[in-house]
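Numbering (the working numbering), first residue to last: 2 to 1074.
The C-beta atom is built at its ideal place from N, Cα and C for all residues, glycine as well.
Comments concern the structure below.
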Amino acid sequence: MNIEHERYLQANNKEFNSIFVYPNNTIKTSKYSVFNFLPLNLFEQFQRLANAYFLILLFLQLIPQISSLTWYTTMTPLMVVLSITAVKDAIDDLKRHQSDDRVNNLPVLLLVNGKMKEDKWMNVQVGDIIKLENNQPVTADILLLSSSEPYSLTYIETADLDGETNLKVKQAISVTSDMEDHLELLSAFNGEVRCEAPNNKLDRFSGILTYKGKNYFLDHDKLLLRGCIIRNTDWCYGLVIYTGPDTKLMQNSGKSTFKRTQIDHLMNVLVLWIFLGLGIICFVLAVGHGIWQNKKGYHFQIFLPWEKYVSSSAVSAILIFWSYFIILNTMVPISLYVSVEIIRLGNSLYINWDRKMFYAPRNTPAQARTTTLNEELGQVKYVFSDKTGTLTQNIMIFNKCSINGKLYGDTYDKDGQRVTVSEKEKVDFSYNKLADPKFSFYDKTLVEAVKKGDHWVHLFFRSLSLCHTVMSEEKVEGMLVYQAQSPDEGALVTAARNFGFVFRSRTSETVILVEMGKTRVYQLLTILDFNNVRKRMSVIVRTPEDRIMLFCKGADTIICELLHPSCSSLCDVTMEHLDDYASEGLRTLMVAYRELDEAFFQDWSKRHNEACLSLENRESRLSSIYEEVEKDLMLLGVTAIEDKLQDGVPETIIILNKAKIRLWVLTGDKQETAVNIAYSCNLFEDEMDEVFIVEGRDDETIRKELRTARNKMKPESLLDSDPINIYLTTKPKLPFEIPEEVANGNYGLIINGYSLAYALEGNLELELLRTACMCKGVICCRMTPLQKAQVVELMKRYKKVVTLAIGDGANDVSMIKAAHIGVGISGQEGVQAMLNSDFAFSQFQYLQRLLLVHGRWSYNRMCKFLSYFFYKNFTFTLVHFWYAFFNGFSAQTVYETWFITCYNLVYTSLPVLGMSLFDQIVLKTTYWTMISHVIIWGSLGFYFCMSFLLYSDGLCLAFPDVFQFLGVVRNALNQPQMLLSIILSVVLCMLPVIGYQFLKPLFWPISVDKVFDRIQECRRLPRQSPVRTKLKHSSTRRSAYAFSHKHGFGALITSGQTMKSRMSKKNTLFSKR
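Encoded structure:
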């Protein structure tokens, strides 16, 4: 296998590209084919110890010298087990084949001989040029050549990759953008590309395009990745760089591993112990046979002659050992695995059919995409969750605001009491023809203030409609579509739009607003763009009245320091409002303005231009220039945006915490945003003793921060006398387990991706794990997909606990595959996570039911099943051990052949399976259900019917060699002593069980019994309404909007590259108005 170090290709040259044998665009997630299914599946099945054991047993039964049972007693059950498992595996793999075929056969427009030809995705090759249209998924990883938008910009949605629904912009290089949609030019394009080999880095790409003797640098902004969707772009053309398994989407899919449950491991261990016990029993019986032959059997050779191949009692004992090995084979139950598969299938269907996990708005049921992990759900200890699209909906809603010290957004009744909102109380925006019909607001006082012409309210919304980098599209008059770099920006501009300050369009030099129905054109002088250090953005505009205004928005911690001293009293009032908003988990933002003097601005603008053109220390010089103008600001107010959580998330996390299930949030988002959400969803609480932040940039600093945290949570954990430290000093070999450590309080931990990269190294990973596992909640920010998987692997390596990962985007796939159980959220954010998951549903809140209902039921059912299954098999088999003392250890069977064959498969399967499929630990059931009657009496009735059939006159006369016991059942059941023996045996066997079940809750109650008693007690008492208290949150986590904001489109806007010359035609629309 050749390792590719660099990719080299030429556009429109299939012959040249075929030299490198690049894969085509076909993807394959299936395991089997028609030709390899039978050998490969049988090979996998015989890796199970029980199946291999019965195959060996089958060969032993073919040896007449040691076999006292016919071959079909083993062959029949073995064939049934193998066939059922093979059919299940075939059905699962068929679904994968169908999914692959559906994707591989999607249509795509391919440039062939100067014409666009429709072809299938799987036929796309490296070096082809393809055409994509609006709302189409990207076929492969392609280099953007041209598009219908100004300056070949292309807007894409990357929800399927990273779970983010906000649009991102890509731009083709200028040398290819001029080709537009001219097929002659595109067909003649023969550029050569040298780029990096396929890799899984979603946000990184580098290469060189050589065209007409010149080299052009290629970066990530020029590449459209498979899995993205084209939005708001009529068409675009691209050169295929990576295909099929080489695409970054597939590279991030991770390696599929066969996930096995703890029950699977337990069954293998039990089978090994049973093997050992079987060997010991056979040895004891063989020794007994040897002794009996020596003392008694030797003298009975006249009546019981030895076979010619038996020369002594020792030889006879050896043969008897193998005879008993065959007879006692039911100690290792062949039907165990097939019964387990049936139970798992049934429990999976319960998940699929659960109406309480059905999401009606999208008509999406829960899916158990695997049938092998159900009981593992009941043992989950750690949940690793993505944030965006998993805990949140990634939908930002303008919820409240404070303008000039006055609160808006809450609704009150006549008595001044706050009331909940409903659809009937929505504000009517019909007076504004350009309002967004999807926008909802409930406080009518704000609309009244706008209509009355309140100066501060108007200035506040004017600021929101001007201070942003949103781009507007209006293909149909009055139907505005905003393309925002973040959902926050879109929510703010949409709010201003609905309250009468409509951002209509922009050029590189102007911003056009419609204020209360009147069109006003503002001259855009400068955009002071956002970055992580400034934590704010500003715009400087010239109003139609020829006033120069600066509008600024950003984090309150930053804006407060820039305010004019005269705003101090207003700032104090506004800060109280900020605390109220933060206590509700809202993302807050402070808005301010300043009017600039003409002479000052001209002087500042000159120095600003010089800083922009400087080559040395450009960023620092610009920062200093920005600070000169962003001061003495006048406070306007604050906004409060709700990063809308999915329904039921806080309640779900509270219940999971009560169940001792820890939640870690692994997100690529910024720290402040993730922390804000953590408080909103009750992962963090204000009552916590402390939340530790690890943000070191080197090993020593990170070690110090982790140890400082541990010193506060559990000081003795740092002492040399600590048991875990003593254990670690012995340098135990992997794998070893770190015991649970309990902190002396309630703590949280926050760590960023940069620090995590160091902490995951060998010398710090144990420090990280010990510290994090003592915390109630953990947040890891700015993480790469690989780091998410590494955190999960770290937990699996040192903690023998069951882990579950839940996410919604392609960046969560590696984490989902790494965990013991992977759950995909099948929402608006794409399907990659769902396709690679073990379970899938639409809402995070369903995780509670998946774990605490289905998981608990499945685990309890499986444990009871194993107990009853081994019990019935031991009672069946050990009768032979007892019988051996009465037949001279001669390996004679107490049961006839057909009874042995049918015992596990037919006679005793229904009661155990019925209990394992229908048992529900919810309420105490003191009576038999209809299912109980059917499976118990049905099994007994079926046994007697089969017995009468197998020992009937007709079968015995027709097949005398096979059915040899003519009329035995009929004669035995005619004896009163036989019937009395049966009844007494049943009663005596049931008495201990019934007595134990009755006395156990009284004298030895377990936690479940106490819970049932508590439930019954609570049902008798009247329900009390919970008293809700208002919590105050610290100001350290305000302004999550400003922190979460990415570097803006400011440079792109002011460069004029968002417009084409023909855009002037659109602007005539406003001049006519």
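How about N753 and Q846: are their beta carbons less than 8 Å apart? Residue numbering aside, residue 753 sits at position 752 when the sequence shown is read from its first letter. Residue numbering aside, residue 846 sits at position 845 when the sequence shown is read from its first letter. Taking 8 Å as the Cβ cut-off, N753 and Q846 do not qualify as a contacting pair.
For A12, name the three-state secondary structure that DSSP assigns. Locating residue 12 in the sequence shown gives position 11, where the first residue counts as 1. The answer is coil: DSSP assigns A12 none of H, G, I, E or B.
Enumerate in chain order the residues of its own chain whose CB-to-CB distance from V176 is below 7 Å, with the five nearest sequence positions on each side excluded. Numbered from its first residue, the sequence shown carries residue 176 at position 175. Take V176, set aside five residues on each side of it, and the residues of its chain with a beta-carbon closer than 7 Å to its own are Y212, Y217, in chain order.
What did DSSP end up calling T909 once you bin it into helix, strand or coil? Counting from one through the sequence shown, the residue named residue 909 turns up at place 908. Reduced to three states, the DSSP call for T909 is coil.
Mind checking whether H821 and E119 have CB atoms under 8 Å apart? The residue you call residue 821 lines up with position 820 of the sequence shown. The residue you call residue 119 lines up with position 118 of the sequence shown. For H821 and E119, no; Cβs fall outside 8 Å.
Taking the C-alpha atoms as reference points, what is the distance between H772 and S722? Taking the sequence shown and counting its residues from 1, the one referred to as residue 772 is at position 771. Taking the sequence shown and counting its residues from 1, the one referred to as residue 722 is at position 721. A small correction: the amino acid at residue 772 is Thr; His does not occupy that position in the sequence shown. Separation of T772 and S722 (C-alpha to C-alpha, rounded to the nearest whole angstrom) is 18 Å.
In angstroms, rounded to a whole number, what distance separates the CA positions of H565 and D573? Start at 1 with the first residue of the sequence shown, and residue 565 comes out as number 564. Start at 1 with the first residue of the sequence shown, and residue 573 comes out as number 572. Answer to the nearest angstrom: the Cα atoms are 13 Å apart.
Using DSSP with H/G/I as helix, E/B as strand and the rest coil, what is L284? For this step, residue 284 is matched to residue 283 along the sequence shown. The sequence as given places Phe at residue 284; Leu does not occur at that position. Correct three-state label for F284: helix.
Segment contact, 8 Å Cβ cut-off, at least three pairs: the region 665-681 with the region 782-795: yes
I'd like to know whether the C-beta atoms of I275 and R8 end up nearer to each other than 8 Å. Along the sequence shown, read from residue 1 onward, the residue named residue 275 stands at position 274. Along the sequence shown, read from residue 1 onward, the residue named residue 8 stands at position 7. Not a contact, by the Cβ cut-off of 8 Å.
Would you decide whether M931 is buried or exposed? Buried here means 16 or more other CB atoms lie within 10 Å of its CB. As a first step, residue 931 must be located in the sequence shown, where it is residue number 930. Exposed is the call here.
Apply the 10 Å Cβ neighbour rule to W938 and answer buried if 16 or more other Cβ atoms are within range, or exposed otherwise. Within the sequence shown, the letter at position 937 stands for residue 938. Classification of W938: exposed, given that the 10 Å Cβ count is below 16.
Label P1027 either buried or exposed according to how many other C-beta atoms from any shown protein chain fall within 10 Å of its C-beta, with 16 as the threshold for buried. In the sequence shown, residue 1027 corresponds to position 1026, counting from 1. Caution is warranted here: a pLDDT of 47 is assigned to P1027, below 50, making its placement in the model unreliable, and the coordinate value is therefore given only provisionally. Exposed, since its Cβ has fewer than 16 Cβ neighbours within 10 Å.
Where DSSP assigns a beta bridge to T640, which residues make up the other side? The residue you call residue 640 lines up with position 639 of the sequence shown. BP columns for T640 point to C402, L590.
Quickly, what does DSSP pair P138 with across the bridge? List them, please. Working through the sequence shown from its first residue, we reach residue 138 at position 137. Its beta-bridge partners are I230.
How would you call N13, buried or exposed, if buried means at least 16 neighbouring beta carbons within 10 angstroms? Against the sequence shown, residue 13 aligns to sequence position 12. The residue in question, N13, is buried, as its Cβ has 16 or more Cβ neighbours within 10 Å.
Would DSSP call V814 helix, strand or coil? Locating residue 814 in the sequence shown gives position 813, counting from the first residue. It is helical.
Along the chain, where does the alpha helix (DSSP H) that runs through V994 open and close? For this step, residue 994 is matched to residue 993 along the sequence shown. Unbroken alpha helix (DSSP H) run through V994: 977-1004.
Can you tell me which of S539, I528, E546 puts its alpha carbon nearest to the alpha carbon of R521? On the sequence shown, position 520 is the one that residue 521 refers to. Cα-wise, what sits closest to R521 is E546.
Output needed for V127: all residues of its chain with C-beta closer than 6 Å, excluding positions within five of it in sequence on either side, in chain order. Mapped onto the sequence shown, residue 127 falls at position 126. Closer than 6 Å at Cβ, skipping near neighbours: L10, N18, Y23, V241, T244.
For Q965, name the three-state secondary structure that DSSP assigns. As a first step, residue 965 must be located in the sequence shown, where it is residue number 964. In the displayed model, Q965 falls within coil according to three-state DSSP, outside both helix and strand.
Is it right to say I703 is buried, meaning 16 or more other beta carbons lie within 10 angstroms of its own, or is it exposed? The residue you call residue 703 lines up with position 702 of the sequence shown. Classification of I703: buried, given that the 10 Å Cβ count is 16 or more.
Where in the region 409-478 do unbroken runs of the alpha helix (DSSP H), each at least 4 residues long, occur, reported from the N-terminal end onward? 445-453, 456-467
From the DSSP output, which residues share a beta bridge with M576? The count along the sequence shown starts at 1 and reaches residue 576 at position 575. In the DSSP output, where bridge partners are listed per residue, M576 has none listed.
Of all the options Q833, Y594, V512, which has the alpha carbon lying nearest to the alpha carbon of P138? Reading the sequence shown from its first residue, position 137 is the one you call residue 138. When C-alpha distances from P138 are compared across Q833, Y594, V512, the shortest belongs to Q833.
Beta carbon of L914 nearer than 8 Å to that of I343: By one-based count along the sequence shown, residue 914 stands at place 913. By one-based count along the sequence shown, residue 343 stands at place 342. Yes, these two residues count as a Cβ contact at 8 Å.
Would you identify the three-state DSSP class for V534, choosing helix, strand or coil? The residue given as residue 534 occupies position 533 in the sequence shown. Three-state result, V534: coil.
Does the separation of the CB atoms of C402 and G638 fall below 8 Å? Counting from 1 along the sequence shown, the entry for residue 402 is found at position 401. Counting from 1 along the sequence shown, the entry for residue 638 is found at position 637. Yes, the Cβ-Cβ distance between C402 and G638 is below 8 Å.
Rounded separation between S441 and N499 - CA only: The residue labelled residue 441 in the question sits at position 440 within the sequence shown. The residue labelled residue 499 in the question sits at position 498 within the sequence shown. The alpha-carbon atoms of S441 and N499 are separated by roughly 9 Å.
Thinking C-beta only, is T589 closer than 8 Å to T640? Looking up residue 640 in the sequence shown gives position 639. Looking up residue 589 in the sequence shown gives position 588. Yes, the Cβ-Cβ distance between T640 and T589 is below 8 Å.
Would you call Y432 buried or exposed, if buried means 16 or more other Cβ atoms sit within 10 Å of its Cβ? Residue numbering aside, residue 432 sits at position 431 when the sequence shown is read from its first letter. So Y432 counts as exposed.
Pull the bridge partners of F693 from the DSSP assignment, please. For the purposes of this step, residue 693 is identified with residue 692 of the sequence shown, where counting begins at 1. Paired residue(s): L750.
Would you please state the rounded distance, in angstroms, between the beta carbons of A894 and I328? I believe it to be under 8 Å. The residue given as residue 894 occupies position 893 in the sequence shown. The residue given as residue 328 occupies position 327 in the sequence shown. Note on residue identity: the sequence assigns Thr, not Ala, to residue 894. The pair is a contact, with the Cβ atoms about 6 Å apart (cut-off 8 Å).
Pairwise C-alpha distance: L767 and N726: Indexing the sequence shown from 1 puts residue 726 at position 725. Indexing the sequence shown from 1 puts residue 767 at position 766. Roughly 11 Å separates the two Cα atoms.
Checking 8 Å against the spacing of the C-beta atoms, do K89 and L184 come in under that value? One-based indexing of the sequence shown puts residue 89 at position 88. One-based indexing of the sequence shown puts residue 184 at position 183. The answer is no: Cβ separation not under 8 Å.
Close Cβ partners of L79 (< 8 Å) along its chain, the five nearest in sequence each way excluded: Here the question's residue 79 lines up with position 78 in the sequence shown. Contacts found: N52, F55, L56, L59, I335.
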